[in-house]
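Notes follow the structure.
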Amino acid sequence: MKMSHGHLRLFIAISVHGQTGALLASEASRLQAELPFRRWTHPADYHLTLQFLGDTPAGAVQSIVLALNGVASALSPFPLAIEKLGCFGSPQAPKTLYVGAGGDIASLSRLQSAVTEAMEPLGFAKEKRPYRPHVTLARNYAGSEPLPDGLLASLSSGMKPLDLPVRHIVLYESRLGQRPMYEPVAEVPLGTPAVK
Numbered sequence: 004m005k006m007s008h009g010h011l012r013l014f015i016a017i018s019v020h021g022q023t024g025a026l027l028a029s030e031a032s033r034l035q036a037e038l039p040f041r042r043w044t045h046p047a048d049y050h051l052t053l054q055f056l057g058d059t060p061a062g063a064v065q066s067i068v069l070a071l072n073g074v075a076s077a078l079s080p081f082p083l084a085i086e087k088l089g090c091f092g093s094p095q096a097p098k099t100l101y102v103g104a105g106g107d108i109a110s111l112s113r114l115q116s117a118v119t120e121a122m123e124p125l126g127f128a129k130e131k132r133p134y135r136p137h138v139t140l141a142r143n144y145a146g147s148e149p150l151p152d153g154l155l156a157s158l159s160s161g162m163k164p165l166d167l168p169v170r171h172i173v174l175y176e177s178r179l180g181q182r183p184m185y186e187p188v189a190e191v192p193l194g195t196p197a198v199k
C-alpha cells in the first residue's frame, strides 16, 4: 500500500536471494517446527538493512538513487556470510528472530557508513543506535514458555554459514499488508562508475 500524497516507505538494503535465499528459506522451514513465531518472513523479502528511510516523497527517489550510485562506484563487491541465530527482545517474549552477518564485516561497515553519510544531505538522519546487521526470519513469539536457554545456540550449531556475495545495494519500497512486502525500486551495482 503506497503512502498517500505521493509518499513511499523506503529503505536501503542488501538483498538475500538466489541460492543463498533458497538455502535460508529451507533453514527457516526447519526452524518453524522448533520456534513458535506468528509471522515468518516471505523468502522473497530476505534482506540485510543498511538504512531505513521511512516515508519519503516519491520525487526524492531520483536523488536517492544518484547518491547511491556515488557510494557504490567507490566500493568493490565483497563476501559476507549469514550465520548464527539471535533474538531481539526479552527471552520471555522475543520480538524478532534473526540470523546474523559474518564474513567481511569491515567492508559491510564501510558500506553502511557511506550510505548513511550520502543520505544525510538529503534529509535522512543517521540512526543513533549501533548498527547490528541481520536478516529477519520471524516476528512475534507465540510460545507460552520463554525460549529455553541455549536453544538458539544449539539450533545455530546445526546451521552452516551461508555465503552472501555483496554485489549490489537495493532501494526497496515497503508495501504494508502485502506478501511479499518489499519491492525493489532500484538496484545499484558496486564498483561501477557513478552516473553523472
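Per this note's numbering, residue 4 is the first one in the sequence shown, and the count goes up by one each step. Virtual Cβ for every residue (Gly too), placed ideally from N, Cα, C.
* **Distance CB(H137)-CB(T59) smaller than 8 Å** => no
* Residue closest to L56, alpha-carbon to alpha-carbon, out of V68, Y49 and P46 -> V68
* Straight-line gap, A1 to L100 (C-alpha atoms, nearest Å) -> Any question about residue 1 goes unanswered here, given that the chain covers just 4 to 199.
* Same chain only: Cβ atoms within 7 Å of P149, ignoring 5 sequence neighbours per side -> P94 and Q95
* Boundaries (first-last residue) of the beta strand (DSSP E) holding R41 -> Going by DSSP, R41 is part of the beta strand (DSSP E) stretching over F40 to W43.
* **Contact set for P192: own chain, Cβ-Cβ below 7 Å, skip 5 residues either direction** => A75, R170 and H171
* At a cut of 8 Å, does the segment 161–169 reach the segment 80–88 through at least three beta carbon pairs? -> yes
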